[in-house]
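Heads up: the sequence shown begins at 1 in UniProt numbering, then just goes up one per residue.
Think of the CB as a built atom: it goes at the ideal place given N, C-alpha and C, for glycine as much as any other residue.
Notes follow once the structure below has been shown.
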Amino acid sequence: MARVNPFGKSAAIARRTLIAVSDPTVLIDATAVPADRGGVGRYVDSLVAALASDGAALSVVCQPRDSRLYGELAPSARIVPTSESVTTRTARLAWEQTTLPRLVRRLGVDVLHSPHYTIPLANPVASVVTLHDATFFTDAGLHHSIKARFFRAWTKTALVRASRCVVPSEATAAELTRVVRADPRSLDVIQHGVDTDRFHPPSPAEVKAARAAIGLGDQTYVAFLGALEPRKNVPALIRGFAAACAGRADPPALVLAGQPGWDHQIERALDAAPHRLRVIRAGYLPFEHLSGFLGGAALVAYPSLGEGFGLPVLEAMAAGACVLTTRRLSLPEVGGDAVAYCGVGAGDIAATISDLLDDPGRRAALSAAAQRRAKEFSWGLSAERHREVYGRAHHLHRRGR
1 MARVNPFGKS AAIARRTLIA VSDPTVLIDA TAVPADRGGV GRYVDSLVAA
51 LASDGAALSV VCQPRDSRLY GELAPSARIV PTSESVTTRT ARLAWEQTTL
101 PRLVRRLGVD VLHSPHYTIP LANPVASVVT LHDATFFTDA GLHHSIKARF
151 FRAWTKTALV RASRCVVPSE ATAAELTRVV RADPRSLDVI QHGVDTDRFH
201 PPSPAEVKAA RAAIGLGDQT YVAFLGALEP RKNVPALIRG FAAACAGRAD
251 PPALVLAGQP GWDHQIERAL DAAPHRLRVI RAGYLPFEHL SGFLGGAALV
301 AYPSLGEGFG LPVLEAMAAG ACVLTTRRLS LPEVGGDAVA YCGVGAGDIA
351 ATISDLLDDP GRRAALSAAA QRRAKEFSWG LSAERHREVY GRAHHLHRRG
401 R
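Now the structure itself:
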C-alpha cells in the first residue's frame, strides 16, 4: 500500500475523499432570495451550484418560482419548493420558525444552512448562519431603522444559537468581534467567488447589446452597479462626477444601474447636476447585460461607505473594468492593488475620476490587474470551505455544543 505524502497531491486527494465519506447532509434555506438577484441572491445561487458541483449531499428549500432555477444549478440536489407563501418578510419568518424545523426533521438532514442572518429558534440539527456585514451596528443610519433593528437582533441571536457563523471578510469578523463582542473562534471567514460565466471581459457584441439596453449609443460612460441606497454613496458620486466633468468638451455619461432604493438625496444631487451632463438611471439590468455594461465602461465607480464583502467590485474586476472604490471595511480585501481608491467625499471622488479619465494607460493597467486578481476568488474554493464548516458544525452539534 502506497504511503501518502502529507504535503503532496496525494494528501489533497485523501482529504477530499475523507470529506466525501464523512460529509454531513445539508439543507440550504434559499427562501429569502429575492426575484431580482442582488448580492445575497448571487451568493446563494453561486454557492448552491458550486456545492453541487463539488459533490455535496445537498437539499435546497426555495420559493416555487425558483425551483426550476435551482434544479438547473444543482441537478444532483434535492429541491423542495415551499407549499406556503413566503413572499413577504412576515410570512417567511413565520414559515421559518414553524414549518422549517419540521421540514428539517422530515428530510433527515444533518445541517441547516441559513444564508441570510435569521435562523429557526427550534432547529433540531446543527446550524450554520451567514452574517453578511456588521454595518447594521456600525452605521445604522445607512439603513431603514426597522431593518437595522431587525438585523441587529438576528445577528446577536445567530451568534449565540448557531453552531457556526460564516462571514465573507476579515473586516466583518473584526467588526462583529469589536462591536457585538462576538467570539472570533465561532466565526469562519469565507470569501465569495465570482461567476465567470456571467462576469467576464465582454465581447464587442456584448458591449453593443448592453449599450442598446441602456439606450446609450456610442457615448463613453462611467458605470455604477448596485442598489440605490445610502450606503452606496451615490449622491456623492453624482456630485463628484459633475465636478470631474466640468470644463470637458466631450464629457462621458454616468449610468446608475441597480435596484431602486430609498436614498432621497439622489434626486437632489441629480437636480443640481449641470443639464449638459447625461445621467442615466438604467434600473435593474438582466444578467446577460452585466459583463457588457461593466467591461464596456471607461471606469466603474463604487464609492461605498462600507461593505461586508463588495461583490459588485469583484464582478466588475472580473469583467475587466477599471474600478474606483473606497478603502472602507472589506473593500481593500477584494480590490487589493488592482483598483483605484478614493475618499468618500465628492471632492475626492471628483479628483480620482478626473485623473483616471485623463490617463488611459493607468485605466488599462488597472483593468489587466483586476482580471488577474479576480481569478483568485473562486466559488469552488468557497464551496470547499463551506463544506468544512458544515462538517465542523455537525461535529459540534453531536458533542452537544
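If you draw a straight line from the alpha carbon of residue i to that of residue j, how long is it in whole angstroms?
i, j, result
"L131", "L285", "26 Å"
"R392", "T98", "26 Å"
"Y390", "I349", "42 Å"
"L277", "G141", "30 Å"
"D359", "G347", "19 Å"
"V257", "F224", "In the sequence under discussion, the amino acid at residue 257 is Ala, which differs from the Val named in the question. Going from the Cα of A257 to the Cα of F224 covers about 6 Å."
"C245", "E376", "35 Å"
"V21", "A364", "Annotation note: pLDDT 42 at V21 (below 50); position unreliable, coordinate value reported separately. If you take the alpha carbons of V21 and A364, they lie about 47 Å apart."
"R185", "P168", "15 Å"
"D45", "A249", "44 Å"
"A57", "A297", "41 Å"
"R398", "R78", "24 Å"
"L299", "I353", "8 Å"
"G261", "A227", "6 Å"
"A253", "I280", "7 Å"
"Y341", "S114", "34 Å"
"S76", "G345", "49 Å"
"A74", "A50", "8 Å"
"A282", "D183", "42 Å"
"H143", "D133", "12 Å"
"R164", "I146", "26 Å"
"V61", "H275", "49 Å"
"A370", "G38", "22 Å"
"T82", "R92", "10 Å"
"V129", "D139", "22 Å"
"I238", "A273", "7 Å"
"A338", "E170", "19 Å"
"V179", "V86", "32 Å"
"E72", "P34", "18 Å"
"A122", "R149", "22 Å"
"G55", "L112", "17 Å"
Does residue i get closer than 8 Å to chain D when you measure Cβ to Cβ?
i, result
"Y341", "Here chain D cannot be found, since the structure has a single protein chain."
If residue i sits next to residue j, beta carbons under 8 Å apart, how far is it from one beta carbon to the other, in whole angstroms?
i, j, result
"L356", "C322", "6 Å"
"H394", "A126", "5 Å"
"P120", "L100", "5 Å"
"residue 404", "V189", "Outside the shown range of the chain (1 to 401) lies residue 404, about which nothing can therefore be said."
"P235", "Q259", "Incorrect: roughly 17 Å between the Cβ atoms, too far for contact."
"A30", "D66", "7 Å"
"L314", "H192", "7 Å"
"W154", "T118", "5 Å"
"L27", "V104", "6 Å"
"S53", "V80", "S53 to V80, Cβ: 20 Å. No contact."
"S330", "R231", "About 13 Å separates the two Cβ atoms, so there is no contact after all."
Look up residue i in the DSSP assignment and give the residues it is bridged to.
i, result
"D188", "V166"
"T31", "Answer is none; T31 lacks a bridge partner."
"T88", "Its beta-bridge partners do not exist; DSSP assigns none."
"S127", "L112"
"V60", "I28, I79"
Cβ of residue i versus every heavy atom of the ligand NAP: is any distance shorter than 7 Å?
i, result
"G380", "As far as ligands go, the structure on display features none, and thus does not contain the ligand NAP."
Decide if the region 324-338 is in contact with the region 153-165; the criterion is three or more beta carbon pairs, one per stretch, under 8 Å apart. The answer is no - the region 153-165 does not touch the region 324-338, with fewer than three Cβ pairs under 8 Å.
Just to confirm the assignment: which complete beta strand (DSSP E) runs, minimum length 3, are found wholly within the UniProt domain "Glycosyl transferase family 1" (213-372)? Counting only runs of 3+ residues, the beta strand (DSSP E) found wholly inside the UniProt domain "Glycosyl transferase family 1" (213-372) occupies 221-225, 253-257, 279-283, 299-302, 323-325, in chain order.
Stretch-stretch touch, CB-based, cutoff 8 Å, three pairs: the region 285-305 with the region 190-206: The region 285-305 is in contact with the region 190-206.
Does the region 211-222 come within contact of the region 304-311, defined as at least 3 CB pairs closer than 8 Å? With contact defined as three or more Cβ pairs closer than 8 Å, the region 211-222 and the region 304-311 are not in contact.
Contact between the region 227-245 and the region 208-216 (3+ Cβ pairs under 8 Å): Taking 8 Å as the limit for Cβ pairs, the verdict is that the region 208-216 does not touch the region 227-245.
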